[in-house]
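Mapping of the sequence shown onto my numbering: position 62 corresponds to residue 280, and the numbering continues sequentially without gaps.
Don't be surprised by glycine CBs; every beta carbon is placed ideally from N, CA and C.
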Amino acid sequence: MWKPPQRIKHVPHGGRWPSAEEAAAARLFQPLSVGRLSLTGRTWVPAMVPWRATEDGLVTDDNIDWYRRFAEGRPAAVVVEATGIRDIPSGPLLRIGDDRFIPRLRELTAAVREASDGETRLFIQLIDFLNIRRRPEPEKYFDRFLAITDRHRSA
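Okay, structure coming up:
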């Protein structure tokens with residue numbers, strides 16, 4: 219792994235740190251409501267792809283443990299990884315395109331609810347694998363998508 223030739227240490231800002239009460243009152247930890255959705259705070263864990271599902275797209279115990287660990291920190295929301303909506307092979311990525319996936323997804327939801335004492339909401343990032351395209355050949359891309367205009371020529 220590459221390392222910089224010299225290590226640069228940064229000194230923390232010498233300002234005043236908030237008290238526990240001040241931090242708890244910060245906007246970051248205040249409830250958030252949008253329409254019918256209510257969250258206990260404004261902290262989120264974004265979608266990541268841990269490659270822990272089965273080759274058939276089913277939730278594994280490793281998936282459940284992965285999300286349980288995040289939920290123990292009680293973020294307001296966790297976004298479940300990119301989950302395929304079609305019933306086609308996708309490797310070790312979650313899928314939701316058939317009812318057979320629902321029981322294990324329910325177990326994942328229950329584990330998060332239990333670990334966070336119900337404070338963490340789950341969102342699922344959906345992906346349509348049919349819309350993933352390989353990069354086209356440069357000539358095809360430029361012929362189809364790049365239209366040179368007078369504005370380009372004058373730049």
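For F341, the beta-bridge partners assigned by DSSP are V297. I366 and G302 do not touch by the CB rule: their CB atoms are close to 38 Å apart, not below 8 Å. In the structure shown, W284 adopts helical secondary structure according to DSSP, grouped into three states. Per the Cβ contact rule, the region 239-251 is not in contact with the region 262-279 (fewer than 3 Cβ pairs under 8 Å). In this structure, DSSP gives S251 an extended state, which the three-state scheme calls strand. Taking 8 Å as the upper bound for CB-CB distance, R292 and E337 are in contact here, some 5 Å apart.
If you keep only unbroken alpha helix (DSSP H) runs of at least 4 residues inside the region 305-335, you get 320-333. Under the DSSP assignment, D274 falls outside any alpha helix (DSSP H); it carries neither an H nor an E label. Residue environment: A241 is assigned as exposed (fewer than 16 neighbouring CB atoms within 10 Å of its CB, all protein chains considered). Taking the Cα positions, P236 is about 14 Å away from P230.
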